[in-house]
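For what it's worth, the UniProt record's numbering labels the leading residue of the sequence shown as 1, then goes sequentially. Glycine is no exception: its CB is placed at the ideal position from the N, C-alpha and C atoms. What follows is a short report on a single structure.
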Amino acid sequence: MNTFLRFALLAGAVVLAGCAGDENQMHSKGPHDSTAPAAEQLASIRYDVGPCHGFCPVYSVEVRADGTTTFIGQQHTQVYGKQARQNGAQALTRLQRTLAPWQPVMNQQRESSGCEPRVTDMSQYTVTWTGRDGRQATLLHDGGCRSASALSLTHLLREEIPQTLGISNWIGTPSSNAVTTPVN
Numbered sequence: 001m002n003t004f005l006r007f008a009l010l011a012g013a014v015v016l017a018g019c020a021g022d023e024n025q026m027h028s029k030g031p032h033d034s035t036a037p038a039a040e041q042l043a044s045i046r047y048d049v050g051p052c053h054g055f056c057p058v059y060s061v062e063v064r065a066d067g068t069t070t071f072i073g074q075q076h077t078q079v080y081g082k083q084a085r086q087n088g089a090q091a092l093t094r095l096q097r098t099l100a101p102w103q104p105v106m107n108q109q110r111e112s113s114g115c116e117p118r119v120t121d122m123s124q125y126t127v128t129w130t131g132r133d134g135r136q137a138t139l140l141h142d143g144g145c146r147s148a149s150a151l152s153l154t155h156l157l158r159e160e161i162p163q164t165l166g167i168s169n170w171i172g173t174p175s176s177n178a179v180t181t182p183v184n
């Protein structure tokens, strides 16, 4: 029994170390990580917000290298359809710096970690970095994840980035939905 207990404790420590390693790996990257392309090497950053089991907004946002920001409201948004605005050439650089800590290596897809505790039925986010060479990095993020890091990313995607990009009014609130004629 004593051998079993030592084995169980060792196995538990290995599992915990593996989880901690994954969390640290996710946040060890910074804007100057050599595996993450600089903003001038990116063609665009796009994120899609998926549905929840309720009235969460469903939309996509893409910021291109020239600063063009395109919003497509699909469900439970203030504006439906395609809208565009010009945010200046630095918009992509600012967005890349903001999201750099979570950016996977190009040509890879990763899920955000730190999902315990987790609330079910929340919006899902897909963030895609596209390089000028066509390579992509994709992050899948569950808005129900409640670790400090995951909450920070959810807040950025849901609140801060839309405000910075000037699209908050297009998203609106679920209770204030109004149909607006989309821009072609």
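Is the region 144-153 in contact with the region 118-127, if contact means three or more CB pairs nearer than 8 Å? yes
Whole alpha helix (DSSP H) runs in the region 67-141 with 4 or more residues, listed along the chain? 91-99
On the DSSP letters alone, give me the boundaries of the beta strand (DSSP E) that residue 45 sits inside. 42-49
Which class does residue 168 belong to by DSSP, given the choice of helix, strand or coil? helix
Looking at the ligand SAH, does it come within less than 6 Å of residue 148, judged from the CB to the closest heavy atom? Questions concerning the ligand SAH fall outside what the structure shown contains, since it holds no ligand whatsoever.
With a cut-off of 8 Å on the beta carbons, I'd call residue 194 and residue 170 a contact; round off their distance for me. Residue numbering for the chain in the displayed model covers 1 to 184; residue 194 lies beyond these limits and cannot be assessed.
So, helix, strand or coil for residue 64, using DSSP? The three-state reading of DSSP puts residue 64 in strand, counting E and B together.
Element boundaries [alpha helix (DSSP H), containing residue 155]: 148-155
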